[in-house]
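> Chains as they are written, first to last, in full-length UniProt numbering: chain L, 1 to 469; chain V, 1 to 349. The beta carbon of each residue, even a glycine, is placed where N, CA and C say it ideally should be. Got a structure for you, questions after.
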Amino acid sequence: MWNSVWHLLLSICGWAVFAYMIFVLCFYFMMFIISAFQLRKQYQLNDEEPYEDLLAVSYTTPLSILVPAYNESVGIIGSVRSLLGIEYPEYEVIVVNDGSSDDTLEKLIEEFSLVKMNRVVRKQVETKEVKAVYRSKLYDYLYVVDKQNGGKSDALNAGINLSNYPYFCSIDGDSVLERDAFLKVMKPIIDSDGEVIASGGSIRIANGCKIENGAVVSIGLDTQPLVVMQIIEYLRAFLMGRIGLSRHNLLLIVSGAFGVFSKRWVIEAGGYSHTVGEDMELVVRLHRLIKQKKTNNQIVYIPDPVCWTEAPDEIKYLRRQRNRWHRGLFDSLWKHKEMLFNPRYGSIGMISMPYFVFIELIGPVMEMLGYLFIVISLVVGGIYVEFAYLLFLLMVVYGSLYSMAAVLLEEWSLRKYPRVSDIAKLFVFSLTESFWYRPLTVIWRCHGLLDVIRNKKGWGDMQRKGVSQ
Amino acid sequence: MAMSIQVVYVLFGGLLLLLVCFLSYLLIQKARLNAFRAKVESYKDSMKESLFIYLYRKDEEHRVEPKNKIELAGVEELLSSFSAAVQGDEILNNITLYAEKVFTPKYKKELHHSRWSVRMNALYAIEDFGLTTLTHQLVEMYEKKNSTAAEKNQILKILVKLNRPEFVVYMTNASRPLSEFMYRSLFGTMNSEQFQQFINKFEHLQEEIQLPLIDMIGINHKLEYIDFLKMHMKSSSEELRIRSLKSLNALSFPLRIEELTKHLQSGIWQERMMATKLIGKTRDEKGLSLLEQSLKDSHFLVRSNAAQSMMKIPTGKEYLVHVYKTTDDKFSKDMAAEWLEKGGVTVVE
């Protein structure tokens, strides 16, 4: 009796994972095709010409760049320096020191000759108390806000209150932008007369690239397998996932590390909220607002402009990051759960939300079940062994082959990596993904879900080494 | 089951093989392209001087005749960097003549390429080099149904620069309106006759063309249109009024206080804000009491600009100190403090 129940359970589990994998594979295949066409269309487009007009005239929409900093003493000077030299006609940089306990503020004051200013701040979003506002004597477009610690979202809200311009961009303190990144990311907003209310670029991994004075001098690969795997993972997420979603205005994520938002819309939506995944949560709220107002506004992703960011190179920190991301994902989806399958929210409710719930959020659980099924079947033996092989192959297609395809897609379109050996290396590494890296991330993400259930909050410490030399 | 799993193995193997084949193709491509780039760079280094001398002096001895793909790419890149860097009608004209001779067939072919980026790159080059030989193709391309908005915009820019008559109709009768930035950019590249053409038919234009036209008067400091702006600041359209005031402000034109009082009472904060800015430009002390009222405005930016404008009027600083000391209105006080401090006056509680 128990034996047959056990077999039945095993078989249901196996078939469920099988059906799920087939469905997900088909879904990603579609996304892959859409992305491939979209990317290829722009293959070898002149890198400067499309943006020359924006750069040449005074009436290009000005931009406020917000840099929340909490204990970023190591990297902050480098990233601010890189922002002071970007190519954009009119912008301001606002660093928000979120009650750092290290010498972030002192370093900034000294490096940029900051002086306190008496400034009436227009409080459009509530934040923790702002202690002081500083202005640089060297660069009249650099401001620093010193405030009580309130978390990243609170820091961003304080930056929004202080900003002078109609669009703002949030940048992580430890990332480096390509010089023309803002021109590229603002172009769809300007071209659409503001119909595009948020636009995000790609995030890639800076480890292994040569960075001097806050600018990427040469692009390369890191030697550590753990970092190389993340490079592939980012390629896959951005090139295969986001292009497809963006094309149909289904995008629910604009990375917190590099995205431009319309200030008016964000304020109307209530600013950033205090949650682990504040960047995603805001975008969901913006989509909600669009649907409620019944307008045609869009949120887009542009593959070309790249923000280079430091990836964790130790298992410990990577695990924490993934755990946190997954909790953030859960939080954002949970807060807006009534949108799921709600026809009132159109394609966001009927496609985006289900995609993020069933593929992004539940995905690791299904993969975990798959791995368990395979292990158990191999141990038990008998009729399930062949089925286990089959499932394993599917998971290799999903884990490795799709990643390999993403690497090829990058080389077929954007070609950011200069050397032939880089591509060969990425390809070989992606082949190994299913055998070690993927299972690890699956475990970490499942762990994140468990933590949510056990109601664990907070960020966990993140170690920063600084990417700039 | 056994049968089906065999099929799956084969499928999997096939997929893997496909990826590996594609990888090999891309790697070979990459190696070839890297080698091609290296050759182009070395060709550019060797020809740079010669080409420059030819373009400057029309010295036939130094004329460069690209013979293959590498040389063509090299010359094109050199020419592009020259045309962006040099000034002077003569050399620019030489660049155009040379480019027309060497590149016309290439661009003509590329304008029909199936990939969007190739067509766009050709259009950018045609604009940069000022090629006049392909205008007929451009007009044809503009009229084509499946040309993208980006292509059409780029063609429009070229037609404006070459002063082809078609641009007026294309701009005013576009199937979907261009972006405000695009209209501004087009008005910005126009010569004064072209610009005047649009001013003449202003009343017949749609508002989305009228507004950027007014903006460009301010942005490009076209002082000859001040009366035109003064007329439209009385318009019944809110947006036209705001933009006219904005352009007058950009021109720093001192209006009379009486012309502005009505706008200070407007129900739209943007209009009130522009009016407070312009009162600062009058430098007329009569404006101070009006600005004091604006310091209590419900909108932050009106208050902020009122204080800023006071500082621009000769006795404004003293007036603002007075307001700071006497007012009960917290908003006014804060704002006065900020701008006094920016103007170098220290206020102590």
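If the cut is a Cβ gap below 7 Å, which residues of chain V does F427 (chain L) touch?
Per Cβ cutoff of 7 Å: L23.
> Is there a Cβ from chain V that is less than 7 Å from the Cβ of F435 (chain L)?
Chain V contact via Cβ: absent.
> Which of the three DSSP states is assigned to W334 (chain L) in this structure?
Helix.
> What's the call for S421 (chain L), buried or exposed, on a 16-neighbour Cβ count within 10 Å?
Flag for S421 (chain L) reads exposed.
> Three-state secondary structure (DSSP) at S442 (chain L)?
Before going further, note that residue 442 (chain L) is Val rather than Ser in the sequence given. V442 (chain L): helix per DSSP, three-state reduction.
> Exposed or buried, what is L382 (chain L) when buried is set at 16 or more other beta-carbons lying within 10 Å of its beta-carbon?
The residue asked about is misnamed: residue 382 (chain L) is Gly in this sequence, not Leu. Flag for G382 (chain L) reads exposed.
> Locate the alpha helix (DSSP H) running through A388 (chain L), then write down its first and last residues.
Unbroken alpha helix (DSSP H) run through A388 (chain L): Y384 to V396.
> Hey, does G14 (chain L) have any beta-carbon neighbour from chain V nearer than 7 Å?
No, G14 (chain L) does not count as interfacial toward chain V.
> Spatial neighbours of Y20 (chain L) within its chain, please: C-beta separation below 6 Å, excluding the five flanking residues on both sides.
Closer than 6 Å at Cβ, skipping near neighbours: M366.
> Would Q42 (chain L) pass as an interface residue toward chain V - the criterion being a Cβ-Cβ separation below 7 Å?
Q42 (chain L) counts as touching chain V.
> Threshold first: 3 residues or longer. Then list the beta strand (DSSP E) segments lying entirely within the UniProt domain "Glycosyltransferase 2-like" (245-400) of chain L, N to C.
Segments of the beta strand (DSSP E) lying fully in the UniProt domain "Glycosyltransferase 2-like" (245-400) of chain L: 258-262 and 298-309.
> Excluding five sequence neighbours on each side, which residues of the same chain lie with their C-beta closer than 7 Å to the C-beta of F32 (chain L)?
Closer than 7 Å at Cβ, skipping near neighbours: M240 and A405.
> Please tell me whether E90 (chain L) has its Cβ less than 7 Å away from any Cβ of chain V.
Not one chain V Cβ lies under 7 Å of E90 (chain L).
> Figure out for me which residue from V:L26, V:T315, V:G74 and V:Q6 has the closest Cα to the Cα of residue 350 (chain V).
There is no way to answer for residue 350 (chain V), as the model of chain V reaches only from 1 to 349.
> Give me the DSSP bridge partner(s) of F168 (chain L).
F168 (chain L) is bridged to L:S64 and L:F261.
> Against N249 (chain V), what residues of chain L qualify as contacts under a CB-to-CB distance less than 9 Å, listed in chain order?
Under the 9 Å cutoff, chain L gives no residues; its nearest Cβ is about 14 Å from N249 (chain V).
> If you measure beta-carbon to beta-carbon, which residues of the region 24-41 of chain V are closer than 8 Å to chain L?
Of all residues in the region 24-41 of chain V, L26, L27, K30, A31 and N34 have a Cβ within less than 8 Å of some Cβ in chain L.
> N118 (chain L) CB to nearest chain V CB: under 7 Å?
True, the Cβ-Cβ gap to chain V drops below 7 Å.
> Please tell me whether N121 (chain V) has its Cβ less than 7 Å away from any Cβ of chain L.
Interface residue, yes.
> Identify, in the order they occur along the chain, each residue of the same chain with its Cβ nearer than 6 Å to the Cβ of S352 (chain L), setting aside the five sequence neighbours on each side.
The answer, listed in chain order, is L250 and L252.
> Kindly say whether L250 (chain L), judged by its beta-carbon, lies nearer than 7 Å to any beta-carbon of chain V.
Chain V contact via Cβ: absent.
> Just the chain L side, please: which residues come within less than 9 Å of E338 (chain V) by C-beta, in chain order?
Per Cβ cutoff of 9 Å: M117, N118, R119 and V120.
> Are I374 (chain L) and L390 (chain L) touching if we call contact CB-CB under 7 Å?
Going by C-beta atoms, I374 (chain L) is not nearer than 7 Å to L390 (chain L).
> Under 7 Å between C-beta atoms, does L221 (chain L) make it to chain V?
Answer no: the Cβ-Cβ gap between L221 (chain L) and chain V never drops below 7 Å.
> Under the three-state reduction of DSSP, which class applies to S212 (chain L): helix, strand or coil?
The residue you asked about is not Ser; residue 212 (chain L) is Glu in the sequence shown. In this structure, E212 (chain L) counts as strand in the three-state DSSP scheme.
> Rounded to the nearest angstrom, what separates S294 (chain V) and L264 (chain V) at their Cα positions?
For S294 (chain V) and L264 (chain V), the distance between alpha carbons rounds to 8 Å.
> List the residues of chain V whose Cβ lies closer than 9 Å to the Cβ of A405 (chain L), in chain order.
Neighbours of A405 (chain L) on chain V, chain order: L19 and F22.
> State yes or no: is the C-beta of V323 (chain V) within less than 7 Å of the C-beta of E292 (chain V)?
Result yes, Cβ atoms of V323 (chain V) and E292 (chain V) sit closer than 7 Å.
> One question on the structure: do T133 (chain V) and T104 (chain V) come within less than 7 Å of each other, judged by their Cβ atoms?
Contact flag set, yes.
> If you pair each beta-carbon of the region 265-279 of chain V with each one of the region 303-319 of chain V, do three or more pairs fall below 8 Å?
Yes, the region 265-279 of chain V is in contact with the region 303-319 of chain V.
> Any idea if G460 (chain L) is buried or exposed, counting beta-carbon neighbours within 10 angstroms, 16 or more meaning buried?
Annotation note: pLDDT 48 at G460 (chain L) (below 50); position unreliable, no value reported.
> At the level of alpha carbons, what is the spacing between G220 (chain L) and I34 (chain L)?
About 28 Å.
> Return the CA-CA distance between E341 (chain V) and N118 (chain L), expressed in angstroms with no decimal places.
Each residue's alpha carbon lies about 7 Å from the other.
> With a CB to CB cut of under 6 Å and the five nearest residues on each side skipped, what residues in its chain are close to V321 (chain V)?
Result list for V321 (chain V): empty, nothing under 6 Å.
> Could you give the distance in angstroms between the alpha-carbon of A36 (chain L) and the alpha-carbon of L26 (chain V)?
Distance between the alpha carbons of A36 (chain L) and L26 (chain V) is about 15 Å.
> Using a Cβ cut-off of 7 Å, which residues of the region 121-145 of chain L contact any Cβ in chain B, in chain order?
The chain inventory of the structure shown lacks chain B, comprising the protein chains L and V.
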